[in-house]
Each structure stands twice: as structure tokens, then as C-alpha cells.
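Inspection log for the structure reproduced underneath, given as C-alpha cells.
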């Protein structure tokens with residue numbers, strides 16, 4: 013993985029483009045955790061250092077530890093995880109977006125906790141491609157209070173580190189993602205983990221309530 017990232021980063025530098033790496037696309041492997049570490053020999057670390065143009069340490073390291081000193085590299089990911097896991101990813105240097113697990117027990121509460129600690133919340137929405145998005149999301153759960161989240165369009169790009177800050181009056185940011193259903197999937201199954209874009213309070217399958225507003229305004233990046 014370190015060699016693959018390095019070769020792609022070298023291509024980006026030649027093209028004078030910024031470079032970002034996301035490990036998890038369809039899974040949630042803890043790529044910053046010790047169990048995902050590997051051993052680099054001195055010789056391999058020297059060769060990788062030449063590839064990256066920055067020092068790569070030898071010994072037992074994770075990917076973020078190995079790439080900590082690399083200039084011009086952004087690490088980012090999404091995670092449906094407890095706050096402790098999100099904070100660990102942030103500490104490892106990974107720009108992390110929390111995901112609202114609307115169908116999981118306690119999912120809304122975890123999202124509220126993450127938002128209070130400065131994490132943006134990725135929210136799947138039942139809207140077709142190209143349809144305008146809401147501008148505001150209200151989210152609440154028992155024991156978690158109420159959050160007023162400013163919405164941005166997460167389908168414009170995947171570079172969450174470039175998202176703007178929440179506008180004045182909002183407590184955090186909601187990254188709205190239009191749900192992409194696989195062929196043959198049933199709408200009722202999707203409705204358990206994706207929110208309907210109407211202005212009424214809706215009960216989440218895993219507990220909590222959500223409501224969109226400013227439908228006519230849409231969301232911007």
C-alpha cells in the first residue's frame with residue numbers, strides 16, 4: 013500500500029496536482045490502528061523515502077505513522093464509529109467525516125456527539141441525482157440534545173477537507189449524499205438508513221428524530 017500511494021503521489025506531483033488518500037471505500041478497516049501495522053526494514057524505508065521525497069521511518073508502523081512527515085499529502089476517510097474511534101483517527105492525522113447510521117441503535121446519538129466535537133456528519137438522503145438538496149438539518153436524540161446542521165452537497169466531490177465551515181447560527185456541518193441504490197434493491201430497505209428530504213420530523217429506525225428545512229434553497233459546497 014505504501015508503494016502504491018507513493019507511485020500515485022509521484023504522478024500527481026508531476027502533473028502539479030494535490031494528492032489525497034482514502035483507504036476505506038466499501039469497508040471500515042482501522043488502518044490507523046496497531047493491528048493494521050507492518051514492519052519496514054531500514055532498506056525499504058530508505059527506498060520509500062526516496063520515492064516520497066520525505067523521511068519514512070523503519071520499524072513497525074501504520075500507514076499514517078509511515079506518512080506523517082510526507083509533504084503535500086492529505087489523509088481522509090469516513091467512519092460509522094463511536095466518538096473514541098473518530099478522535100483516534102483525527103489524532104493519527106486522518107481528516108475524518110462521521111457518518112449518520114440512522115438504522116443503527118444509538119446512531120443519531122453518536123452523530124450528535126461527533127458533531128459537538130467538530131466532525132462533519134455524512135447523511136444519506138432519498139433524492140434522485142440532480143435534485144436540489146435541503147439547506148438545514150435538525151437532528152436530535154434522547155440524551156444528545158438538538159443540533160442545527162448546515163448542509164453541503166457531498167456529491168460534488170469527495171474531498172471533505174475542502175468543505176466550508178458552517179454558516180453563522182449553525183452548530184455543525186451535514187454532508188448530504190444522494191442515496192445510490194443498487195439495482196433490484198427495495199425502497200423500504202433504503203428508507204431505514206437514508207432520510208426523506210421533507211420538512212416534517214421523521215423518526216429514525218435506530219432512534220432519534222431528524223427534520224430538513226429550506227428545501228427551496230439547496231445546499232452548496
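Residue numbers (the numbering used here): 13 to 233. Glycine included, every Cβ here is placed at the ideal spot set by N, Cα and C. None of the values given here were measured: they were computed from a predicted structure.
Proximal residues to residue i (C-beta, below 8 Å), its chain only, five neighbours per side dropped
{"i": "residue 48", "result": "41, 42, 74 and 75"}
{"i": "residue 108", "result": "88, 89, 90, 91, 98, 101, 102 and 131"}
{"i": "residue 54", "result": "70"}
{"i": "residue 219", "result": "117, 118, 119, 120, 121, 153 and 154"}
{"i": "residue 63", "result": "15, 18, 19 and 22"}
Same chain, Cβ closer than 7 Å to residue i, neighbours up to 5 away in sequence not counted
{"i": "residue 226", "result": "146, 147 and 148"}
{"i": "residue 167", "result": "189 and 190"}
{"i": "residue 94", "result": "122"}
{"i": "residue 13", "result": "75"}
{"i": "residue 66", "result": "81, 82 and 83"}
Reference residue i; option with closest CA among the options
{"i": "residue 46", "options": "72, 30 and 94", "result": "72"}
{"i": "residue 4", "options": "153, 85 and 142", "result": "Outside the displayed span of the chain (13 to 233) sits residue 4, for which this structure offers no information."}
{"i": "residue 77", "options": "104, 65, 60 and 61", "result": "104"}
{"i": "residue 217", "options": "175, 113, 163 and 128", "result": "113"}
{"i": "residue 139", "options": "16, 165 and 161", "result": "165"}
{"i": "residue 57", "options": "187, 15 and 29", "result": "15"}
{"i": "residue 129", "options": "141, 156 and 115", "result": "156"}
{"i": "residue 173", "options": "183, 37 and 187", "result": "187"}
{"i": "residue 60", "options": "79, 29 and 106", "result": "79"}
{"i": "residue 151", "options": "28, 214 and 44", "result": "214"}
Environment of residue i [buried if 16+ CB atoms lie within 10 Å]
{"i": "residue 204", "result": "exposed"}
{"i": "residue 19", "result": "exposed"}
{"i": "residue 81", "result": "exposed"}
{"i": "residue 110", "result": "buried"}
{"i": "residue 212", "result": "exposed"}
{"i": "residue 21", "result": "buried"}
{"i": "residue 181", "result": "exposed"}
{"i": "residue 206", "result": "buried"}
Other residues of its chain near residue i: CB distance less than 6 Å, five sequence neighbours each side excluded
{"i": "residue 52", "result": "70"}
{"i": "residue 229", "result": "Residue confidence for residue 229 is low, a pLDDT of 45 falling below 50, so the modelled location carries little weight; the figure read from the coordinates is stated next. Closer than 6 Å at the Cβ level, and outside the excluded window around residue 229, lie 147."}
{"i": "residue 162", "result": "178, 179, 182 and 185"}
Cβ separation of residue i and residue j, assumed to be a contact under 8 Å, to the nearest whole Å
{"i": "residue 135", "j": "residue 209", "result": "Incorrect: roughly 10 Å between the Cβ atoms, too far for contact."}
{"i": "residue 126", "j": "residue 133", "result": "6 Å"}
{"i": "residue 171", "j": "residue 32", "result": "6 Å"}
{"i": "residue 183", "j": "residue 159", "result": "5 Å"}
{"i": "residue 175", "j": "residue 106", "result": "Not confirmed; about 15 Å, so no contact."}
Taking only runs that begin and end inside the segment 51-131, name each unbroken alpha helix (DSSP H) of 4 or more residues, in chain order. Runs of the alpha helix (DSSP H) lying entirely within the segment 51-131, each at least 4 residues long, are 54-64, 75-78, 95-103 and 119-128 in chain order.
Minimum length 4: unbroken alpha helix (DSSP H) runs contained in the segment 141-183: DSSP runs (the alpha helix (DSSP H)) wholly in the segment 141-183: none.
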